[in-house]
Structure formats: C-alpha cells, structure tokens
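Sequence order for the protein chains is X and L. My numbering puts the first sequence at residues 1 to 275. My numbering puts the second sequence at residues 276 to 605.
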Amino acid sequence: MATQTTTAGNYPDMARKGTAFYTQIILVTWQNLVTIFRRPAALIPPIAISLFFLVIYNSTLGEAASFIPSLGSNSYLGFILPLSIVSASLSGAGIAAQNLVRNIESGYFDKLLLTPIKRSALLTGTILSGAVILGLQAALVLGVAVLMGLRIETGFLGGLAVVAMAVLLGLGFAGFTMSAALGSGNAAVTQSASFVFFPLTFLAPTFVPLELLSGWLRIAAQLNPITYVLQAMRAIINVGWVWPEIMTGVLACVLLGAAMYLLTLWALRRRTKRN
Amino acid sequence: MSNREIEIINLEKRYPDDVLAVDGVSLHVDAGQIYGFLGPNGAGKSTTVKILTTLALPTAGTATVGGYDVVKEAGEVRRIAGVALQDVGLDPLMKSLELLTLQGRLFGAGRQEARVRAEELLRLVGLEEAKERQVGTYSGGMKRRLDLALALVHEPEILFLDEPTTGLDPVSRRDVWREVRRLNEELGMTIFLTTQYLEEADELADMISIIDKGQIVKTGSPAALKASLGKESLNLAFENRENAEAANELLAQTAERTQLDRVTLRVYRADIARAIPHIMEQLHDAGLDPVSLTLTQPTLDDVFLQVTGSAYEAEAAASQAQPGSMAVSD
Numbered sequence: 001m002a003t004q005t006t007t008a009g010n011y012p013d014m015a016r017k018g019t020a021f022y023t024q025i026i027l028v029t030w031q032n033l034v035t036i037f038r039r040p041a042a043l044i045p046p047i048a049i050s051l052f053f054l055v056i057y058n059s060t061l062g063e064a065a066s067f068i069p070s071l072g073s074n075s076y077l078g079f080i081l082p083l084s085i086v087s088a089s090l091s092g093a094g095i096a097a098q099n100l101v102r103n104i105e106s107g108y109f110d111k112l113l114l115t116p117i118k119r120s121a122l123l124t125g126t127i128l129s130g131a132v133i134l135g136l137q138a139a140l141v142l143g144v145a146v147l148m149g150l151r152i153e154t155g156f157l158g159g160l161a162v163v164a165m166a167v168l169l170g171l172g173f174a175g176f177t178m179s180a181a182l183g184s185g186n187a188a189v190t191q192s193a194s195f196v197f198f199p200l201t202f203l204a205p206t207f208v209p210l211e212l213l214s215g216w217l218r219i220a221a222q223l224n225p226i227t228y229v230l231q232a233m234r235a236i237i238n239v240g241w242v243w244p245e246i247m248t249g250v251l252a253c254v255l256l257g258a259a260m261y262l263l264t265l266w267a268l269r270r271r272t273k274r275n
Numbered sequence: 276m277s278n279r280e281i282e283i284i285n286l287e288k289r290y291p292d293d294v295l296a297v298d299g300v301s302l303h304v305d306a307g308q309i310y311g312f313l314g315p316n317g318a319g320k321s322t323t324v325k326i327l328t329t330l331a332l333p334t335a336g337t338a339t340v341g342g343y344d345v346v347k348e349a350g351e352v353r354r355i356a357g358v359a360l361q362d363v364g365l366d367p368l369m370k371s372l373e374l375l376t377l378q379g380r381l382f383g384a385g386r387q388e389a390r391v392r393a394e395e396l397l398r399l400v401g402l403e404e405a406k407e408r409q410v411g412t413y414s415g416g417m418k419r420r421l422d423l424a425l426a427l428v429h430e431p432e433i434l435f436l437d438e439p440t441t442g443l444d445p446v447s448r449r450d451v452w453r454e455v456r457r458l459n460e461e462l463g464m465t466i467f468l469t470t471q472y473l474e475e476a477d478e479l480a481d482m483i484s485i486i487d488k489g490q491i492v493k494t495g496s497p498a499a500l501k502a503s504l505g506k507e508s509l510n511l512a513f514e515n516r517e518n519a520e521a522a523n524e525l526l527a528q529t530a531e532r533t534q535l536d537r538v539t540l541r542v543y544r545a546d547i548a549r550a551i552p553h554i555m556e557q558l559h560d561a562g563l564d565p566v567s568l569t570l571t572q573p574t575l576d577d578v579f580l581q582v583t584g585s586a587y588e589a590e591a592a593a594s595q596a597q598p599g600s601m602a603v604s605d
C-alpha cells in the first residue's frame with residue numbers, strides 16, 4: 001500500500017448532506033446501464049428474438065392482410081409489428097431485473113443500502129435503466145420494420161409515440177420482474193418471472209383483430225391490458241391519431257405500471273427490512 | 276459531529292430458528308480507540324457488527340454508535356460510520372474508479388470532488404494502476420483493499436472492519452494493518468475490528484474483548500490480558516502425546532498451573548527460571564526428556580486458551596486457512 005496520506009475534514013459536509021433525490025436516480029440508472037452494456041451477451045438474444053418474430057410472422061401470416069381491415073397502405077407488417085415491439089418491452093424489462101439480481105447476488109446492493117440513498121431512488125433508477133434499454137430495443141425493431149417497407153401513417157412523431165408506449169408498458173413489466181428479483185434474490189426465479197407475461201401477448205388480438213376473436217379467447221383478450229396497447233399502436237401505425245384507442249392504450253399501461261410499481265416498492269421494503 | 280464512541284448494553288440477537296447468536300454483550304469503545312473483537316467462527320462477531328452498522332436489528336438490548344441509536348437513528352449511524360464487511364460487496368462489472376466515484380456522489384460529493392476523492396483513495400490502497408480495470412479481474416487482496424477504500428469514501432468517524440484480513444496473504448495482511456493503524460493515528464478514527472487471529476488483535480487493538488458462543492468472556496488491553504496470566508511460562512515439547520500427559524501429571528503437583536496443548540506442556544509457577552534445573556531432573560528421572568524447551572511471556576494465545584479452553588483444534592483449522600499465523604476458530 002502506498003504511503004500517501006489523506007487528511008480529515010477535506011469534505012466536511014460530504015458525510016452529512018447526502019445527495020439530491022433526482023441525482024440519486026440518475027446515478028443508479030447510470031450504474032445499471034454501464035453494467036448492462038458490459039454484458040452484451042445478455043442484450044443481444046432478446047433483440048434477435050423480437051426481430052425473428054417480426055420476420056417470421058410477417059412472411060408466414062402475411063396473406064392474412066386481405067381480411068384485416070384498416071391497415072391503411074401497410075401490409076400485414078403494420079399489424080404484427082406491435083406484437084414484436086411488446087415482446088421487446090418484455091425482454092428489455094427482464095434485462096433490468098437480471099441486473100438487479102446480479103447486484104443482489106454480488107452483495108453490492110447491500111453496499112448501496114449503507115449509503116444515504118433513498119430506497120425509492122434505488123428502485124426508480126433501476127426501472128429507468130430498463131426503460132432506456134427497452135426504448136432502444138423498441139426503436140430498433142421499429143427501424144427494421146421501416147426498412148422492411150413499413151409506412152407509419154402518423155409519421156415520425158407516430159414512431160416516437162409507439163416507442164414511448166412500449167417504454168410505458170415495459171415499466172410495468174420491469175416492476176413485475178424486479179419484484180421477483182427482490183423477492184427471491186435468485187437469477188433463475190427472475191428469469192421465469194419474465195416469462196409470466198409472455199402468454200399474455202397471445203391471449204390478445206395478436207394475429208387478428210379483436211372483432212375476429214370469439215369465445216373464451218375474446219373474453220380473455222378483453223381483460224388483457226396488452227390488447228389495448230396493441231390496438232393503440234396499430235391505430236398509430238396504420239390509421240392515424242385515433243385518440244380514444246390511443247388513450248385507452250395509455251391508460252392500460254399506466255394502470256399496469258402503477259400496480260407493478262407498488263408491488264416493487266413492497267418487495268423492496270420486504271427485502272430491505274432489517275431483521 | 277458524533278462523539279466517536281460505541282456503547283453496547285446487553286445486546287442480544289436471537290434468530291428466528293432460535294439460535295442465540297449474541298447473548299447479552301455489553302462493551303464500551305472510547306473515541307479514537309482500536310477495539311478488537313476476538314473470537315472463533317460463529318462466536319457472534321459478524322452478527323454484532325451487522326447490528327452496529329444497521330444491517331440487522333437486535334432482539335434485546337441497546338447500542339449506540341457515535342451517540343446515535345442503531346435502531347432509531349440508523350440514517351445518522353450510516354452517515355458517520357464506514358463498514359467493510361467480511362463478504363466484500365463489489366459489482367464485478369464496475370471499475371474501481373467508478374465504484375469509488377459513485378459511492379462519493381451518493382454521499383453528497385459533487386462530480387469533481389468525488390473524482391478527486393476516489394483517486395486519492397486509490398493511491399491510498401495502492402490500486403491506482405488497476406483503477407480502469409473491472410473489479411471482476413481483481414485478486415482477493417485487491418478486492419479487500421478496494422472494499423476498505425469504499426468504506427472510507429465519506430471519511431467516517433467510526434470504522435467497522437469485519438475480519439479484514441481473513442483469506443489474505445501475509446503481505447496484504449501487513450498492508451491492511453499498516454493502513455488501519457494509520458487511519459487511527461492520523462485521523463483519530465475509532466475502529467471496531469473483528470478477527471479470529473490473535474496476532475491481529477495483539478498487533479492492532481488498544482482494547483480486546485474475547486467473545487465465545489455469543490458472550491464476552493474477557494475484556495482488557497492486550498498487555499493487561501497477558502498480565503492477568505501473571506507468569507512467564509516454561510514450554511516443554513515432547514516426542515508424543517503420552518509423554519506430554521505423563522509429564523503433565525508429574526509437574527502439576529509443584530506448578531501453579533499447567534496447560535497441555537497437543538505435545539506441548541506449559542508450566543506456570545513463580546521463579547520459573549530458577550526451577551528449571553529441578554524440573555529437568557524430575558523429567559529425566561522419569562524418562563520423559565523433552566525435545567525442546569522455551570521460556571515465554573504469556574501470549575494472547577494463552578489467554579484465549581485459558582478463557583475458552585479450546586485452542587487445539589482451533590490452531591489446526593486456522594493454520595490451514597492461513598499458514599504461519601496464530602489463530603483460533605472452532
């Protein structure tokens with residue numbers, strides 16, 4: 001060890017004041033993003049899967065376009081794209097939760113708790129890092145769709161709106177997977193939790209519009225928040241600014257997100273409760 | 276400003292599975308003291324540190340750190356105390372410069388301030404060259420030094436070190452010791468240190484409590500603890516256990532006290548130096564000539580042996596873990 005010395009009192013306030021809430025959130029988000037991008041191996045497969053869905057469904061089900069109304073100038077691509085974006089949201093959320101588990105397992109999470117950080121900042125920062133990742137994924141998927149010939153009816157702003165909605169939905173997913181991470185502190189359990197929402201993407205007007213669904217599937221789809229997100233995205237891409245559908249989609253995201261945020265907060269309290 | 280003291284009164288920790296990890300511990304640490312909490316594995320050292328650093332709650336008793344109650348004023352305790360736990364909690368994907376800067380910023384330093392502080396601490400613990408490397412590539416000793424640096428970021432007034440040198444090689448161990456002493460002398464930091472190495476406690480601590488099975492069995496300065504045994508001891512090593520036992524029976528009659536540890540017999544009595552010729556004669560007559568003979572001042576090892584009555588397996592176990600050091604464990 002070096003013989004250098006440090007002097008007491010250089011930072012007289014440091015230990016006392018802590019740092020502003022928003023700074024805490026930014027720092028935690030940054031820490032998560034830095035480490036997430038240092039493991040590209042965990043990042044690439046989910047994007048690949050989203051793109052795979054897009055290409056496969058488009059080429060196998062492309063003919064279905066003939067009986068799907070209101071596709072505007074788009075082919076079936078415009079109908080199936082939102083599914084691909086929603087699955088990108090799901091996997092992006094999973095990545096943030098995986099990183100949280102990593103921190104819990106390494107003990108770094110406990111170290112952070114010994115600083116004057118607010119627990120909600122720790123939580124929000126981690127969720128936001130997930131939002132950044134899944135925003136990038138959704139944008140990438142959308143970009144590929146545009147290269148495949150998609151024309152967004154509402155233009156560039158519409159594209160942004162779709163990505164924003166994907167992020168909003170992903171925050172809810174992230175809340176759920178992070179609750180699993182906090183509850184279990186276990187990578188395998190967290191991984192499984194990311195798959196819980198996966199069936200929900202199919203209990204929805206996934207391949208055909210809601211009007212064409214019948215029986216129990218139709219009822220399930222009507223109860224599924226993802227239905228309204230898919231419909232809102234489809235409206236933006238293929239039809240235009242259809243506000244009732246869009247607002248219903250946003251509302252579905254907000255309700256899901258709020259419920260999941262509370263769940264995560266509760267899971268965090270439980271984990272960090274001293275005993 | 277805290278009062279830099281630690282006060283523990285009848286602290287108790289009972290886990291849900293009914294294990295009583297800490298059983299009525301009371302102690303007082305003065306400002307600026309290095310306090311050694313010495314005991315075997317599972318004696319309750321880490322649990323005590325977890326309570327003192329607000330990571331766990333006591334089931335009974337009270338504790339204040341720097342005058343702040345560890346249960347009711349946990350936030351204050353965290354601000355004035357630094358902790359390096361036994362299991363280093365480092366994100367292997369982060370670089371040490373990043374970890375230290377982030378830690379500083381969370382404690383309220385500005386970007387520049389945190390950066391300067393991080394560089395300063397990296398110099399201090401000798402990790403300057405490795406600062407841009409991911410922590411996952413560090414050796415155990417490097418991680419330990421980084422963890423110590425992280426505990427120092429906010430210039431704590433009281434520092435908790437839970438077995439800071441367990442698993443380190445002798446050179447890294449000496450480095451940590453030097454650093455601990457320096458922090459204490461130059462910054463007047465109060466340091467609460469747990470260890471299972473007697474040598475470490477002897478080397479560093481102003482005051483020692485020996486803890487065994489959740490209870491403090493002895494407290495005092497290293498010198499006082501050694502003096503409590505009073506006498507120099509004559510250490511006789513025999514060829515085998517049987518001879519040592521036979522010699523023990525023979526000499527116990529005239530000695531104040533004897534202590535048998537494997538093939539070594541320690542004999543305590545007044546005027547031991549003058550009694551040596553007589554003792555040797557007695558042994559020779561009985562056909563129990565020792566293979567070696569030394570005369571030593573009492574060590575903490577002896578104190579530990581006396582208060583816990585177990586050193587023998589302990590030494591074997593610990594010398595495997597860390598060759599060349601006196602150690603105890605159960």
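Positions of the beta carbon are idealized from the N, C-alpha and C atoms, including for glycine. Keep in mind the model is a prediction, meaning the values are calculated, not measured.
Going by C-alpha positions, A88 of chain X is about 21 Å away from M247 of chain X. Classified as exposed, D292 of chain L has fewer than 16 neighbouring CB atoms from the shown chains inside 10 Å of its CB.
Residue pairing for S484 of chain L: DSSP places it in a beta bridge opposite L:F312, L:T494. With fewer than 16 neighbouring CB atoms inside 10 Å of its own CB, N275 of chain X falls in the exposed class. Residue pairing by DSSP puts Q534 of chain L in a beta bridge opposite L:R541.
For Q24 of chain X, the three-state secondary structure derived from DSSP is helix. Rounded to whole angstroms, the separation of the alpha carbons of A296 of chain L and A164 of chain X is 52 Å. Around the beta carbon of F156 of chain X, a 10 Å sphere encloses fewer than 16 other beta carbons of the protein chains shown; the residue is thus reported as exposed. T494 of chain L places its beta carbon 8 Å or farther from that of L511 of chain L.
Under the 8 Å criterion on CB atoms, S106 of chain X is classed as interfacial with respect to chain L. Counting every other CB atom within 10 Å of its CB across the protein chains shown gives F195 of chain X a total below 16, marking it as exposed. The beta carbon of R541 of chain L sits closer than 6 Å to those of S508, N510, Q534, all from its chain and outside the five residues before and after it, given in chain order.
Contact check for D437 of chain L against T469 of chain L passes: the beta carbons are separated by less than 8 Å. For I117 of chain X, the nearest CB of chain L lies under 8 Å from its own CB, placing it at the interface with that chain.
In this structure, the alpha-carbon of T412 of chain L lies about 29 Å from that of A356 of chain L.
Residue state for Y228 of chain X is assigned as helix, using DSSP reduced to three classes.
Burial is judged here by how many other beta carbons sit within 10 angstroms of a residue's own beta carbon; K418 of chain L has at least 16 and is buried.
In the three-state scheme derived from DSSP, where H, G and I count as helix and E and B as strand, N74 of chain X is classed as coil. Not one beta carbon of chain X lies nearer than 8 Å to the beta carbon of F467 of chain L. Across the structure, R218 of chain X and T206 of chain X are spaced so that their CA atoms are roughly 11 Å apart. If you look at S508 of chain L, you'll find it in the beta strand (DSSP E) that goes 508–512. When the beta-carbon positions are compared, I80 of chain X and L51 of chain X stay at least 8 Å from each other.
Note that the region 318–329 of chain L touches the region 479–498 of chain L; at least 3 beta-carbon pairs, one per stretch, sit closer than 8 Å.
In this chain, the alpha helix (DSSP H) harbouring D450 of chain L covers 445–462. Rounded to whole angstroms, L473 of chain L and F312 of chain L show a C-alpha spacing of 10 Å. Closest in alpha carbon position to I25 of chain X, among X:A259, X:I127, X:A161, X:P199, is X:I127. DSSP, read as helix, strand or coil, puts T529 of chain L in coil. For G463 of chain L, same chain residues with a beta-carbon under 7 Å away, outside a window of 5 residues either side, are G307 in chain order. Short of 7 Å from the beta carbon of P565 of chain L, and not among the five residues preceding or following it, lie these beta carbons of its own chain, in chain order: L511, A512, F513, L558. Chain X has a Cβ within less than 8 Å of the Cβ of A331 of chain L. Taking each of X:N99, X:T35, X:V132 in turn and checking the Cα distance to V410 of chain L, the smallest one comes out for X:T35. Taking a C-beta distance under 8 Å as the contact criterion, T329 of chain L and R353 of chain L qualify as a contact pair. No Cβ of chain L is located within less than 8 Å of the beta carbon of R271 of chain X.
Shown in chain order are the members of the region 437–468 of chain L whose Cβ falls below 7 Å from a Cβ of chain X: D450, R453, E454, E461, L462. Taking 8 Å as the Cβ-Cβ cut-off, the region 31–63 of chain X approaches chain L at Q31, V34, T35, R38, R39, given in chain order. With a cutoff of 8 Å on beta-carbon distance, L375 of chain L and L397 of chain L are scored as near each other.
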